[in-house]
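Residue numbers (the UniProt record's numbering): 1 to 87.
So, in structure tokens, the structure goes:
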């Protein structure tokens with residue numbers, strides 16, 4: 001990871017709007033903007049039991065590691081990098 005990398009901190013879609021491709025569109029647009037700003041890679045974290053992990057894999061993100069999160073929700077998070085447009 002370098003200072004020129006970008007992070008996706010949070011992506012959310014209302015339950016009633018899920019399944020329409022909005023989450024994927026949000027991630028793809030974020031990655032496109034990061035690439036336009038000179039980012040070499042896009043990074044994100046996702047809880048291991050979050051169904052969105054499958055979306056991120058389909059968009060080209062690959063697991064890069066795991067880390068524990070110490071907060072009330074807790075859990076283990078996957079750290080992923082990649083994404084469309086950032087080779």
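C-beta: ideal position from N, C-alpha, C; glycine also.
Neighbourhood of residue i by C-beta distance below 6 Å, restricted to the same chain and skipping five residues each side
i         : result
residue 6 : 34, 39, 42
C-beta contact flag for residue i and residue j at 8 Å
i          : j          : result
residue 55 : residue 19 : no
residue 11 : residue 68 : no
Close beta carbons around residue i, own chain, < 8 Å, minus the five adjacent residues each side
i         : result
residue 4 : 38, 39, 40
Nearest-angstrom beta carbon gap, residue j and residue i [assumed within contact, 8 Å]
i          : j          : result
residue 59 : residue 27 : 6 Å
residue 22 : residue 13 : 5 Å
Residue nearest to residue i in terms of C-alpha spacing, selected from the options
i          : options    : result
residue 44 : 36, 61, 29 : 61
Residues of its chain near residue i, where Cβ-Cβ distance is below 7 Å and the 5 sequence neighbours each way are ignored
i          : result
residue 57 : none
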